[in-house]
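Heads up: the sequence shown begins at 1011 in this note's numbering, then just goes up one per residue.
Heads up, the beta-carbon is just placed ideally off N, CA and C, and yes, glycines get one too.
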Amino acid sequence: MVGSNSHTEADRSAGDPCPPYKLIHGNTKEISRMMKEAMARPKTISHDTLPLWHGSQAQLVITEPELCKEILNNKDGAYPKKEVQNFVKKLLGDGLVSTTEAEKWAKLRKLATLAFHGESLSFFHRKEIDVLQEFRLLSSEVTSRIAFGSSYIEGKNIFEMLTKLGFIIYKIFLTIRVPVIIEFFKTSNEIEPEKLEKGIQDSIIEIIKKREEKAMTGGEDRFGSDYLGLLEEAQHDGNDNQRILADEVVDDCKTFYMSGQETTTALLSWTVLLLAVHTDWQEEARKEMSMIINESLRLYPPPGQDVHLFKPERFSEGVAKATNNNIGALIPFGLGPRTCVGMNFGITEAKIALSMILQCYSFTLSPGYVHFPLHYLTVRPQHGVQVMLHSL
């Protein structure tokens, strides 16, 4: 978790020593260098707080479970959600994940809860494959159908633009831009996101227009019962307190096009990687999937004791027993009011996909696999996950 403040306020506060503030870029140059170095060596786990500078903004990184639990569960406004940076909004919009407006979030959360839950999926020869790419197609297809009532092909252009935009944003994440100068001097990495954002916006608006045209024919369920339909119904709600704006519909469509496939793709890819390395657990996975899913979520990123060992049995009696009833010790989907609305949906999707694979195949890790976790929106395998499939 990261908290932030201005450098003048941080200078006055007591507590952990903070690295010295450097003009404009703060500590971002050191962070960028250290991130590259850290990727090449084993990690040591610490539960201390870490103060640092991101440009002129002081930040406090927290990994202590009790502090995470206190902050994420707080409902009296003591820890308000931070306004996301503009270049991140290009990717996610000002939708459910990123908005700081309480009333807007509550309305969108209610709609998303109706559309994304585990039961939404109730209707739904040896060779090497890159499961990251396959799982991205799968989760994109599921997201398209459940959220927007369309196929992956119809939203393919949006997914591709979002993926490209995401990688550009990853590259410029630690680049500090001076507000006045950026208006006159823009790099290609600052111009391209604006073009992609407009392309994404136009494509989503086109999908919304098609839905509205279809709704003109009438019918009891005129906008449909998927997430886009619920958003459209809310936009045309006669109650001003429940109505949402057209821009909010577009932003939240963008949010779910991106986050709807990113989390599940990463979860499935890492789980297959772990099962390909620990092949003895594949037979156990055919009997019981939950503890293996939980262990995959724990390992990327890893908290707790013997963190680098793949031990799904630690969850054999459930998460509460494994964490000694400390709900802040394992929070892969967040905690508190902003817990990921698609948590049960994503886990159910992962269980179904893995179960279907394990019914027909066993698999081992390909010699060509290169282990390189990349800290993107989630922790993803930068070079994919190549496995060898063996028919049962």
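- The C-beta of P1347 has fewer than 16 other C-beta atoms within 10 Å across all chains shown, which makes the residue exposed.
- Annotation: K1092 is outside any beta strand (DSSP E) and is labelled neither H nor E by DSSP.
- The C-alpha of D1261 is placed about 45 Å away from the C-alpha of L1402.
- Between Y1379 and H1393, the C-beta gap is smaller than 9 Å, which places the two residues in contact.
- Secondary structure of V1317 (DSSP, three-state): coil.
- Per DSSP, S1401 is one residue of the beta strand (DSSP E) stretching across Q1396 to S1401.
- About 5 Å separates the CB atoms of V1395 and V1141; that is less than 8 Å, so the two are in contact.
- The straight-line gap separating the alpha-carbon atoms of L1184 and K1297 is approximately 44 Å.
- The three-state secondary structure of F1373, taken from DSSP, is strand.
- For K1321, the CB contacts under 7 Å within the same chain, skipping 5 residues up- and downstream, are E1305 in chain order.
- Annotation: the continuous alpha helix (DSSP H) that includes Q1292 extends over D1290 to K1297.
- Cβ-Cβ separation between F1382 and H1400: approximately 25 Å, too far for a contact (criterion under 8 Å).
- Contact annotation: R1390 and A1276 have beta-carbon atoms nearer than 9 Å.
- Spanning the alpha carbons of N1167 and V1351 requires a straight line of approximately 25 Å.
- Excluding the 5 residues flanking it on each side, S1150 has same chain C-beta neighbours closer than 6 Å at Y1162, F1169 and Q1271, in chain order.
- Taking C-alpha positions only, W1115 is separated from K1137 by approximately 45 Å.
- In this structure, F1266 and I1217 do not form a Cβ contact; the two beta carbons are roughly 12 Å apart against a cut-off of 8 Å.
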